[in-house]
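K.L.:
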Amino acid sequence: MFFKRVGQSKAPHRAVFLALSVVVPSLFLSACMSSEKDVDLSTYVDQTEPADVLYNQGLANLNAGRLDEASKKFDAVDRQHPYSEFARKSMVMGAFADYRAGHYDEAIGSAKRYLTLYPSTDDAAYAQYIIGLSYYRQIKDVTQDQKEARQTVQTMQDLVTRWPTSEYVDDAKEKIRFATDQLAGKEMQIGRYYLERREYIAAVKRFRNVVENYSNTRHVEEALARLTESYYAMGLTSEAQTAAAVLGTNYPDSQWYKDSYKLLQSNGLQPRENAGSWISKAGKLITGA
3 MFFKRVGQSK APHRAVFLAL SVVVPSLFLS ACMSSEKDVD LSTYVDQTEP ADVLYNQGLA
63 NLNAGRLDEA SKKFDAVDRQ HPYSEFARKS MVMGAFADYR AGHYDEAIGS AKRYLTLYPS
123 TDDAAYAQYI IGLSYYRQIK DVTQDQKEAR QTVQTMQDLV TRWPTSEYVD DAKEKIRFAT
183 DQLAGKEMQI GRYYLERREY IAAVKRFRNV VENYSNTRHV EEALARLTES YYAMGLTSEA
243 QTAAAVLGTN YPDSQWYKDS YKLLQSNGLQ PRENAGSWIS KAGKLITGA
């Protein structure tokens, strides 16, 4: 009897389910049709403010420090009046508002979109500058990854190359110098790590990268001294002497040079440049910092 009752109960439930499957879509369709009928186009028009009004409201909020509100107003211009002159201006001003608010990813996204749509306008350099600043503000300590430093160098260098007469070029060059110094500092930090563990080949690779690719940073002085130390420990005395000689030529009063000189003297050696060494060739590019 128990099994019989269970079996008999399936049909009514199935019937209810089938009935609901018919009724629910019908209700959903009628609801959609009802909502469409409720749309008041005149109300929609009233809610769409003129582009100049929205833009000026954005500027007012920006000047008052209400950055999120400013961003919303500039975004509204772009949404409600796409491809208008005010939309173009709002796009770059919205990127600036996001940058000022610390919303760097949003600022970068808006500025990149601007450059895609309007690469030849007067504000294109400014958009590129905002991208560079957004990366620059995210540069971390040298103990951490320097992805943002690399992006700063690339973005700001593109600005200098594409818009050489721009008013932002001087500051872009300053940001490049700082970011480049960070990259060199990261290489030095890794190189010292390997040197302390007597992994000399790995250490030399890092110090060499600083001398060859970051010769205009303040780290090149120490890099040459560390090369002297590393090559000396490896028994490559000619390279150690060359590194010390290049260091002495460029930084004769440096404590790093005095320490390198003392290290060589402890084994009866002196700084002596081998013109065929990569260090000698790289040394000619050193400008100091």
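To convert a position in the sequence shown, counted from 1, into my numbering, add 2.
For glycine and all other residues, C-beta sits at the position ideal for the given N, C-alpha and C.
1) Just mark glutamate 241 as buried or exposed, buried being the case when its beta carbon has 16 or more other beta carbons within 10 Å.
2) With a Cβ-Cβ cutoff of 8 Å, do alanine 225 and alanine 181 count as a contact?
3) Helix, strand or coil: how does DSSP classify glutamine 59 here?
4) Could you name the residues of the same chain whose beta carbon sits closer than 7 Å to that of leucine 117, not counting the 5 residues immediately before and after it, in chain order?
5) To the nearest angstrom, report how far apart leucine 229 and aspartate 143 are at their CA atoms.
6) Would you mind sorting tryptophan 280 into buried or exposed? The rule is 16 or more other CB atoms within 10 Å of its CB.
7) When the Cα atoms are used, what is the spatial distance from methionine 190 to alanine 205?
8) For proline 14, count neighbouring C-beta atoms within 10 Å of its own C-beta (all shown protein chains included) and say buried if the count is 16 or more, exposed if not.
9) Should tyrosine 85 be labelled buried (16 or more other beta-carbon atoms within 10 Å of its own) or exposed?
10) In its own chain, which residues sit with a C-beta less than 8 Å from the C-beta of tryptophan 258, not counting the 5 before and 5 after it?
11) Kindly indicate which residue of Thr157, Gln148, Val162 and Asp107 has the alpha-carbon position closest to the one of glycine 187.
12) Does DSSP put tyrosine 106 in a helix, in a strand, or in coil?
13) Along the chain, where does the alpha helix (DSSP H) containing valine 79 start, and where does it finish?
14) Given a cut-off of 8 Å on the beta-carbon distance, is the pair threonine 154 and tyrosine 138 in contact?
15) Between alanine 109 and glutamate 201, what straight-line distance do the alpha-carbon atoms span, to the nearest angstrom?
P.N.:
Judging by the given coordinates:
1) buried
2) no
3) helix
4) Ala126, Ala129 and Gln130
5) 24 Å
6) exposed
7) 9 Å
8) With a pLDDT of 39 at proline 14, under the threshold of 50, the predicted position of this residue should be treated as unreliable, though the coordinate-derived value follows. Counting Cβ neighbours within 10 Å, proline 14 comes out exposed, since fewer than 16 surround it.
9) exposed
10) Glu223, Glu224, Leu226, Ala227 and Leu249
11) Gln148
12) helix
13) 69 to 82
14) yes
15) 43 Å
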